[in-house]
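Asker:
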């Protein structure tokens, strides 16, 4: 029998599972998910040798709802509410790229004030999502304070978004042509106050969670994704930026008013679980900085949305537009045939791209590290399944 | 009944099959060896059974309008749409296109160019060569998405690879649309998994959603749909949602 270390080195080098037939019986097959033992609504089959994972086969689709097919039966406005269902915590961003693509197809200019409000909503929403993700990451690593703190702070942002959009999570706020309504009175001061509070809290998060020796031991050096592999696997978002690739759609292809905003792309070089967990926090800090600028530069008055035809349609055409969401680049490929209903809608989401890294990272890890590796991928099963 | 249902192995977690795939992917020396595979005619009756089950009605709205969709013409008249949709290609995009044109000549059709977006169409037998070229010489290193679109009127399915670049800073905002078309009744394309590892799950999704069999892909099998799915691929236009 070859030594166990040799076996993983081999497994790891090959990227996917590799078990000899005669050794099958030594292995134990575990089905993780799809109902929540640590995976959300996502199933993956792993095989363990002792407590080392030697095989991983993701099996998404538990919450597949055929969003892309549904789009072909509704016009571009009717599509807005159901398209944000895949990721209700980040609904402003998932509608953002949809709106951009539809605007490109129909040929709409968004008023400047509308562009700012859209960016404000999506930055706030990214933080709502990231705080939710951070809470889950905390509880799955056994840190219940880190579950309660972000969940509580997220509530403040949700209140802010409720004042802005009228709904707590599914806003249907970013629409083709701009935003649904103007910002309420006193919103700017309230928002700035929350940002100040959050910035103070982020330091406390670092103290209690990121600098916690237990957390560090469980994540540092675990499941390293090298820069070459990250590029080859085509991962995106915080997973990519944790592997020393400073890519952010807001910088690479600035949409709306992001080319007027001064911000840095936060990235880390180590590529381990700690980097993947820390980059979202850096992103949130950067997002606070962006929000301050947005609130400062927003025009005092003006239209917030362009008027659309009752049943908007454009000439036949194709568009691919993307934004940076909480989980990375979120692209919409839309084909229009000149009718009010899209001919084909393809949603390219960060979660779906990032699961390709899961077998790559899990093989060779211990079973106890599985939650740390899996949740650090910033994966949202409902979004991946669409 | 899904197309090509009888050809795919249904083994999940089999030991031998993923091994072959991962060795070919990780071994970079073998990447160049992959020659474009000509689409072989299928001897199965899957195409006929499918058309029997759900005949494409010529009067259905998508079919009636698809000819006016961009680049929806068959290969013969594919050069027509770009003439009217291209005012003046931006210089950088034109440079990229010229590099591809110089290498491949008339086998590559430029369908449209606008800032940050280039759409080129190639024949299925050329796609692996072109993909290798844009990866090695132009720097497009990953696929963001693989989208299939059904055009029943042309009896074709179009598959689009949205390629992006992480390594070249000046290409960061660019998306290259590498498209090819295949016959709808016998939808087969060579896989790009040996060129871009990132297309693995996207192609698998495209297989089950549109019934495009990717030759050389290790796992043309069910991915997102339920395990007992027994109907035609749902993103084909002749699959109708009940009640709408």
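Protein chains in written order, with the working numbering: chain A, 9 to 394; chain B, 4 to 247.
By construction, the Cβ of each residue, glycine as well, lies at the ideal position given by its N, Cα and C atoms.
No experiment lies behind these values; they were computed from the predicted model shown.
1. Quick check on the DSSP output: the alpha helix (DSSP H) that includes residue 36 of chain A runs from which residue to which?
2. I want to see whether chain A comes within less than 8 angstroms of residue 235 of chain B, judged by CB atoms only; does it?
3. Work out the CA separation of residue 125 of chain A and residue 344 of chain A for me, nearest whole Å.
4. Using C-beta distances below 7 angstroms, list every residue in its chain close to residue 306 of chain A, excluding the 5 sequence neighbours before and after it, in chain order.
5. Throw me the rounded Cβ distance for the residue 353 of chain A and residue 342 of chain A pair, which I believe falls under 8 angstroms.
6. Does the CB of residue 252 of chain B have a neighbour CB from chain A at under 8 angstroms?
7. Enumerate in chain order the residues of its own chain whose CB-to-CB distance from residue 83 of chain A is below 7 angstroms, with the five nearest sequence positions on each side excluded.
8. Given that residue 203 of chain B touches chain D, what residues does it touch there, using C-beta distances under 7 angstroms?
9. Looking at the C-beta of residue 160 of chain A, does it have a partner C-beta in chain B at a distance below 8 angstroms?
10. Compute the distance between the beta-carbons of residue 119 of chain A and residue 312 of chain A, then report whether it is under 8 angstroms.
11. Would a check of beta-carbon distances place residue 127 of chain A closer than 8 angstroms to chain B?
12. So what's residue 166 of chain B in DSSP terms, helix, strand or just coil?
13. By Cβ distance, which residues of its chain are closer than 7 angstroms to residue 112 of chain A, with the 5 residues on each side in sequence left out?
14. Is DSSP giving residue 287 of chain A helix, strand or coil here?
15. Using DSSP's beta-bridge definition, name the partner residues of residue 56 of chain A.
16. For chain A, is any of its Cβ atoms less than 8 angstroms away from the one on residue 144 of chain B?
17. On the premise that residue 285 of chain A lies in contact with residue 384 of chain A, defined as a C-beta separation below 8 angstroms, what is that separation, rounded to the nearest angstrom?
18. Where does the unbroken beta strand (DSSP E) through residue 340 of chain A begin, and where does it stop?
19. Quick check on the DSSP output: the beta strand (DSSP E) that includes residue 145 of chain B runs from which residue to which?
20. Please check the pair residue 266 of chain A and residue 106 of chain A, which I expect to be a contact at CB under 8 angstroms, by giving their CB distance rounded to whole angstroms.
21. Could you have a look at residue 114 of chain A and say whether DSSP puts it in helix, strand or coil?
22. With a threshold of 8 angstroms, are at least 3 pairs of Cβ atoms found where one atom belongs to the stretch 201-209 of chain B and the other to the stretch 367-375 of chain A?
23. Cα-Cα, which of B/170, B/132, B/175, B/150 is closest to residue 210 of chain B?
24. Please confirm whether residue 178 of chain B and residue 166 of chain B have their CB atoms less than 8 angstroms apart.
25. Compare the C-alpha of residue 198 of chain B against each of A/179, A/241, A/35, A/294 and name the closest.
26. Closer than 8 angstroms by beta-carbon distance: list the chain A residues that pair up with residue 165 of chain B, in chain order.
27. Roughly how many angstroms lie between the CA atoms of residue 364 of chain A and residue 308 of chain A, to the nearest whole one?
28. Give every residue of the same chain whose Cβ lies closer than 6 angstroms to the Cβ of residue 103 of chain B, excluding the five residues on either side of it in the sequence, and list them in chain order.
29. Buried or exposed for residue 44 of chain A, going by 16 or more other Cβ atoms inside 10 Å?
30. At what residues does the alpha helix (DSSP H) containing residue 224 of chain A begin and finish?
31. Determine whether the beta carbon atoms of residue 114 of chain B and residue 176 of chain B lie at a separation below 8 angstroms.
32. Quick one, are the C-beta atoms of residue 162 of chain A and residue 170 of chain A less than 8 angstroms apart?
33. To be precise: take each residue of the stretch 65-80 of chain A, compare its Cβ to all Cβ atoms of chain B, and keep it if any distance is under 7 angstroms. Which residues remain?
34. Return the residue from the list B/180, B/230, B/194 that minimises the CA-CA distance to residue 265 of chain B.
35. Inspect the CB distances between the stretch 276-294 of chain A and the stretch 129-148 of chain A and report whether three or more fall short of 8 angstroms.
36. Helix, strand or coil for residue 387 of chain A per DSSP?
Answerer: In brief:
1. Element bounds for residue 36 of chain A: not the alpha helix (DSSP H) but the beta strand (DSSP E), 36-40.
2. no
3. 27 angstroms
4. 121, 124
5. 5 angstroms
6. For chain B, the structure presents residues 4 to 247; residue 252 of chain B sits outside this window and is missing.
7. 319, 348, 349
8. Included in the structure are the protein chains A and B, with no chain D among them.
9. no
10. yes
11. no
12. strand
13. 327, 329
14. helix
15. A/36, A/61
16. yes
17. 5 angstroms
18. 336-344
19. 145-154
20. That belief does not hold up - the Cβ atoms of residue 266 of chain A and residue 106 of chain A are roughly 17 angstroms apart, past 8 angstroms.
21. helix
22. no
23. B/150
24. yes
25. A/241
26. 328, 339, 341, 356
27. 45 angstroms
28. 111
29. exposed
30. 221-227
31. no
32. no
33. 65, 68, 69, 72, 74, 76, 77
34. Nothing about residue 265 of chain B can be read from this structure; chain B reaches only from 4 to 247.
35. yes
36. coil
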